[in-house]
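Residue numbers (the working numbering): 1311 to 1757. Have a look at the structure below, then the notes.
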């Protein structure tokens, strides 16, 4: 039994990997500054419940018997745990290296890439494989609602078979570390990198696939990669020449129906984009020998992932919805789904990071503007800043002013507290309050 440490274990990627190594009968220890600050206590308890030992992030966790300390890319070398590991001669490795190592150890490994929808498609593929009794290991960046009753944090499905499904993250370049059995490209849109950079990354990702690839035919940028390798299959909700095509998509209360190969199926998820995600998952599983109709049947009981248009509750006929959308494509998809239903939208959008807002702030605003009705209101607090040295030459005020120039009803707030109070003051029966943004769990707490 190896003694292994995780520095910054509260992060979604780190907690998932720590749980995997615990299931593999290792002795796991972890620390996180958020735990020390009294935050994320539910996740701390969930990790302790499966036998992971949590320590303060002060170096006291480590001794000479540790075989390795894993740290996230967000952890600085000045952190006491890192300094202590170096003093003791304990190797310090990065999260992405561990994920690549685990992934490579599986015969049938599936990596789901794309700038939007990765978590949902990864969850769908994993759920299909699990219900098909193929015992997959699934490592996800989001929490899986079908597995909330399991011990631990539900960002993994633990199975001891030959199948592994992961998200392939392009934002930090770690996608280059994977040589998948199947490469999945859900879409390619503006996010952390330029379109040209993304097409190069995903093109190489497709070429490395050992068995086959799955590509979104509705996305022009990903469709450009169709000729890069044989045994590439396509999915669509627009083009009936695709290998996997859904049509007759209809919004129903708390879900969606669609037709696939002359049979009607339902999803417990709203939005056309989730039908597209379903087609992606069904196509992927077909390359693993699972009948497409069987996959569609299984997905009828799929509950989705947390923070993806998740209804937090309803009070006084006011619905509160939590959503992870944070780039133009995600915002566009979420707004399209939200406008399929009646009711005024009160949208709190939390911009994250000065560099991303400099890169795509106007494009994000455009995604809101094209769907907003005259009575919808967009409420934006100041840009969320996680720390470090960055150029602060853009403000949420700039985003609000841009939206106003394009006739959107947008408001700026210095703090979330004042924004929340304004929401409470103006909300009325029939409204839908949407809390939108990424990488900040306190957004959900507003609900």
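Glycine residues also receive a C-beta, built at the ideal position from the N, C-alpha and C atoms.
Taking only the alpha-carbon atoms, compute the straight-line gap between residue i and residue j and give it to the nearest angstrom.
| i | j | result |
| --- | --- | --- |
| residue 1733 | residue 1407 | 43 Å |
| residue 1395 | residue 1480 | 29 Å |
| residue 1412 | residue 1489 | 12 Å |
| residue 1339 | residue 1553 | 46 Å |
| residue 1559 | residue 1586 | 10 Å |
| residue 1444 | residue 1325 | 24 Å |
| residue 1313 | residue 1703 | 45 Å |
| residue 1624 | residue 1741 | 10 Å |
| residue 1590 | residue 1352 | 33 Å |
| residue 1643 | residue 1712 | 21 Å |
| residue 1484 | residue 1424 | 13 Å |
| residue 1509 | residue 1662 | 24 Å |
| residue 1377 | residue 1315 | 8 Å |
| residue 1529 | residue 1568 | 20 Å |
| residue 1650 | residue 1659 | 19 Å |
| residue 1727 | residue 1328 | 35 Å |
| residue 1730 | residue 1365 | 34 Å |
| residue 1482 | residue 1421 | 15 Å |
| residue 1678 | residue 1743 | 14 Å |
| residue 1648 | residue 1693 | 24 Å |
| residue 1418 | residue 1716 | 49 Å |
| residue 1570 | residue 1430 | 19 Å |
| residue 1680 | residue 1646 | 10 Å |
| residue 1367 | residue 1386 | 12 Å |
| residue 1476 | residue 1410 | 10 Å |
| residue 1563 | residue 1630 | 15 Å |
| residue 1549 | residue 1555 | 7 Å |
| residue 1604 | residue 1592 | 9 Å |
| residue 1337 | residue 1347 | 25 Å |
| residue 1514 | residue 1503 | 16 Å |
Give a yes or no on whether the C-beta atoms belonging to residue i and residue j are separated by under 8 Å.
| i | j | result |
| --- | --- | --- |
| residue 1609 | residue 1505 | no |
| residue 1318 | residue 1382 | yes |
| residue 1633 | residue 1619 | yes |
| residue 1594 | residue 1524 | yes |
| residue 1472 | residue 1416 | yes |
| residue 1451 | residue 1322 | yes |
| residue 1637 | residue 1535 | no |
| residue 1380 | residue 1405 | yes |
| residue 1448 | residue 1466 | yes |
| residue 1495 | residue 1532 | yes |
| residue 1581 | residue 1497 | no |
| residue 1720 | residue 1690 | yes |
| residue 1492 | residue 1597 | yes |
| residue 1584 | residue 1611 | no |
| residue 1613 | residue 1460 | no |
| residue 1628 | residue 1561 | no |
| residue 1640 | residue 1664 | no |
| residue 1600 | residue 1442 | yes |
| residue 1345 | residue 1384 | no |
| residue 1739 | residue 1572 | no |
| residue 1616 | residue 1453 | yes |
Where does residue i fall in DSSP's three states?
| i | result |
| --- | --- |
| residue 1763 | Nothing can be reported for residue 1763: it is not among the residues displayed for the chain, which extend from 1311 to 1757. |
| residue 1525 | strand |
| residue 1403 | strand |
| residue 1418 | strand |
| residue 1628 | strand |
| residue 1312 | coil |
| residue 1613 | coil |
| residue 1620 | strand |
| residue 1577 | strand |
| residue 1585 | helix |
| residue 1736 | helix |
| residue 1608 | helix |
| residue 1597 | coil |
| residue 1571 | coil |
Using a Cβ-based criterion (distance less than 7 Å to any ligand heavy atom), does residue i qualify as near the ligand COA?
| i | result |
| --- | --- |
| residue 1386 | This structure lacks the ligand COA; in fact it carries no ligand of any kind. |
Contact between the segment 1682-1689 and the segment 1652-1668 (3+ Cβ pairs under 8 Å): yes
Inter-stretch contact (C-beta, 8 Å, three-pair minimum) for the segment 1573-1581 and the segment 1531-1539: no
Contiguous alpha helix (DSSP H) assignments of at least 4 residues, all confined to the segment 1424-1476: 1428-1441
Every unbroken beta strand (DSSP E) within the segment 1472-1523, with a cutoff of 3 residues, ordered by chain: 1473-1477, 1492-1495
Three or more C-beta pairs below 8 Å linking the segment 1661-1678 and the segment 1704-1720: yes
Runs of alpha helix (DSSP H) lying entirely within the segment 1631-1666, each at least 4 residues, in chain order: 1638-1648
Cβ contact check for the segment 1367-1379 and the segment 1388-1405: 3 or more pairs under 8 Å: yes
Segment contact flag, the segment 1347-1361 with the segment 1326-1338, C-beta cutoff 8 Å, min 3 pairs: Contact between the segment 1347-1361 and the segment 1326-1338 is present: three or more C-beta pairs spanning the two stretches fall below 8 Å.
Ranges of the beta strand (DSSP E) found wholly within the segment 1316-1381, counting only runs of at least 3: 1337-1341, 1363-1365, 1378-1381
Cβ contact (3+ pairs, closer than 8 Å) linking the segment 1544-1551 and the segment 1512-1522: They do not touch, by the three-pair rule.
4-residue-minimum alpha helix (DSSP H) runs that sit fully inside the segment 1666-1729, ordered along the chain: 1706-1715
Segments assigned alpha helix (DSSP H), at least 4 residues, entirely inside the segment 1523-1561: 1530-1533
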